[in-house]
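Notes follow the structure.
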Amino acid sequence: MAEVVDFAESTMKAAIFSVMQIPGMKRSHFATGFTSLPTGVMERLAEDPTHWLFAGTGAKRGSTYPGLVGVEIDRAYPFSPATTRILAHSPVACADRGTTHSDLTVYTAASGAAVVSVGTMNWRSGISSDAPAPAHIPGSSVAFATRVTRNLLTEMARGPIGKDHPQRANLAQYRPSASTGTGTGGAVTGVQAR
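Residues 1 to 194 (the UniProt record's numbering) make up the sequence shown, in order.
Below, the structure is given as C-alpha cells:
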C-alpha cells in the first residue's frame, strides 16, 4: 500500500525559506548560487541514482529523461555552497552561446534544511497535467519527475532533511565554470556563498 502523507497537517519544519543577499550575485541566482538561461528542450541525465531523491524511480547512472530540461536552466558554480551535491548533470547546447549544463542539486544549510534546485523550468511540465509543455514529455519522464517531487515533499514533511539525509558534497569533481558566458552575462567574480 502506498504511504499517504497529509502535507496540510505536517509541521513542514524544513520548508522555512530565507532570502540571502550575496554581493555581486544577480537576482536570478541569489538563493541557490545557480543561474538560468534560455534553452531548447533537452533530457535530464541521472548522475547519482542511489540518492534518496531518486528512490523508487528506477534510475540508473546515465538514465535519461527527455523533455525535462528546457526553457530556462540552472547550474552549479564553484562558489555554490560547500555541501552541494550534483545529482543530475545534463549537457545543454545553447544556440550561438556554447554548451553548458543543467544541474539537479541539493545542499544542506547550517539549519539542517535541504535546498533543492531541479535545474530547469520544464520540471513543472513534467509534474503538472495543466502545464504548458513546449514539447512532448514521455510518460517515463513524467513518472520520474513526479516520483522525485513526491520524495522531496515527503521528506520535507518529516522535518529538516539534512538530519536524516546529510549530503556528501561532490561539487569539486565537476569543476563547474565561474563564467556565465553561456547564460546571463559575463564571468561571476568575487562572489562567495554564505
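Each residue gets a CB set at the ideal place from its N, CA and C atoms; glycine is no exception.
Run through DSSP, which three-state label would residue i get?
i: Gly126; result: helix
i: Tyr65; result: strand
i: Glu3; result: With a pLDDT of 43 at Glu3, under the threshold of 50, the modelled position of this residue cannot be trusted, and the question is left open.
Identify, in the order they occur along the chain, each residue of the same chain with its Cβ nearer than 7 Å to the Cβ of residue i, setting aside the five sequence neighbours on each side.
i: Ala82; result: Ala169
i: Ser141; result: Tyr65, Pro66, Gly67, Leu68 and Gly126
Which term fits residue i, buried or exposed, when burial requires 16 or more other beta carbons within 10 angstroms of its beta carbon?
i: Gly139; result: exposed
i: Ala93; result: exposed
i: Arg61; result: exposed
i: Pro176; result: buried
i: Ala114; result: buried
i: Ser111; result: exposed
i: Ala145; result: buried
i: Pro91; result: exposed
i: Thr100; result: buried
i: His89; result: buried
Excluding the 5 residues flanking residue i on each side, which residues of the same chain have their C-beta closer than 8 Å to its C-beta?
i: Trp52; result: Asn151, Glu155 and His165
Tell me, to the nearest whole angstrom, how far the beta carbon of residue i is from that of residue j; I am working on the premise that it is less than 8 Å.
i: Val69; j: Arg44; result: 5 Å
Checklist entry - Which residue spans inside the segment 99-171 form an unbroken alpha helix (DSSP H) run of at least 4? => result 123-127, 139-158 and 161-164
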